[in-house]
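What follows is a single structure, written as structure tokens, with notes after it.
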Amino acid sequence: MSAAVQDAAPRRTRRRWLTALLGVIVLAIAAMWVYAFGFAPRDGVNPVRDKAWSDAAETRCALASDQLTPLVFRTKITEENKAKDLPAFVAVLDRSYAIIHSMLDDVEHLPRASEKAQVLIPQWMTDYRIWEKDLKEWIEQLRAGTIAKFGVAVTDTGIPVNERINTFATENRILSCSTDLLTT
Numbered sequence: 020m021s022a023a024v025q026d027a028a029p030r031r032t033r034r035r036w037l038t039a040l041l042g043v044i045v046l047a048i049a050a051m052w053v054y055a056f057g058f059a060p061r062d063g064v065n066p067v068r069d070k071a072w073s074d075a076a077e078t079r080c081a082l083a084s085d086q087l088t089p090l091v092f093r094t095k096i097t098e099e100n101k102a103k104d105l106p107a108f109v110a111v112l113d114r115s116y117a118i119i120h121s122m123l124d125d126v127e128h129l130p131r132a133s134e135k136a137q138v139l140i141p142q143w144m145t146d147y148r149i150w151e152k153d154l155k156e157w158i159e160q161l162r163a164g165t166i167a168k169f170g171v172a173v174t175d176t177g178i179p180v181n182e183r184i185n186t187f188a189t190e191n192r193i194l195s196c197s198t199d200l201l202t203t
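Take the sequence shown: its letter number 168 is residue 187 in my numbering, and every next letter is one higher.
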């Protein structure tokens, strides 16, 4: 046998191993994508799986949202109009704060059936109380005559507290409890 024929056999064996290895890798990647798009759980980490609580919270938050709707203040407060319009704006915010505070008290006292609800709802309420405190501080700044934008606290993970509140509300289908709906 010639040297060329003897060299060809090991190359074919190596090529087969390489082809088989690449085939296995491609199949593994394809299987991963099939799992990701077809079989992986789609729930977030927040669903409490307590339909009675979610329904009651949504009902209570929707009532608060309906109460807040007529309180929308459409005048932009500037240095030029603040003497005239800022007190009216603060009065609207005071009424809005009272509605939101009452809503949070009611939602906080709703019965919780699932273990996950027992753990997650108090965490969500803590975030909401931080947001409520930020709202109260902003109202007090405005009452003192300082025009400022409403700012919210950032969590220890760097996420604004209202984002965590709204993610929880979305994942538990209580969209009326979103801070976006309560402050527009």
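Note that the Cβ used here is the ideal one computed from N, Cα and C, for glycine as well.
If you draw a straight line from the C-alpha of residue i to the C-alpha of residue j, how long is it?
i: I118; j: E151; result: 11 Å
i: E190; j: N65; result: 6 Å
i: F56; j: I158; result: 46 Å
i: L161; j: T78; result: 31 Å
i: L41; j: F58; result: 25 Å
i: A39; j: R33; result: 10 Å
i: A132; j: L139; result: 12 Å
i: W36; j: R30; result: 10 Å
i: A172; j: A50; result: 42 Å
i: D175; j: V43; result: 42 Å
i: L46; j: S84; result: 51 Å
i: V53; j: E156; result: 50 Å
i: T186; j: R192; result: 10 Å
i: E134; j: E99; result: 54 Å
i: H128; j: I48; result: 48 Å
Between which residues of its own chain and residue i is the CB-CB distance below 7 Å, once the five residues before and five after are set aside?
i: V111; result: L90 and F92
i: A136; result: V67, D69 and W72
i: R114; result: L90
i: A188; result: L194, C196 and S197
Name the residue from the options whose alpha carbon lies nearest to the alpha carbon of residue i.
i: P130; options: T165, Y147 and A75; result: A75
i: W143; options: I158, W157, R162 and N181; result: N181
i: I96; options: P179, Q86 and V109; result: V109
i: L87; options: T94, E99, Y116 and H128; result: Y116
Looking at residue i and the ligand FAD, is the gap between the Cβ and the nearest heavy atom below 8 Å?
i: S73; result: Absence of the ligand FAD is noted for the structure shown, with no ligands found whatsoever.
Here's a check: name, in chain order, each residue in its chain whose Cβ is nearer than 8 Å to the Cβ of residue i, leaving out the five neighbours to either side.
i: K101; result: G164 and I166
i: A81; result: S195
Please check the pair residue i and residue j, which I expect to be a contact at CB under 8 Å, by giving their CB distance rounded to whole angstroms.
i: I178; j: Y147; result: Contact doesn't hold; Cβ gap of about 14 Å is too wide.
Of all the CB atoms in chain C, is at least one closer than 9 Å to the CB of residue i?
i: P130; result: Judged by its chain identifiers, the structure shown contains no chain C, having just a single protein chain.
Checklist entry - Per the contact definition of three or more C-beta pairs closer than 8 Å, is the stretch 120-130 in contact with the stretch 140-156? => result yes
Checklist entry - Is it true that the stretch 160-167 meets the stretch 94-111, where meeting means three or more beta-carbon pairs spaced less than 8 Å apart? => result yes
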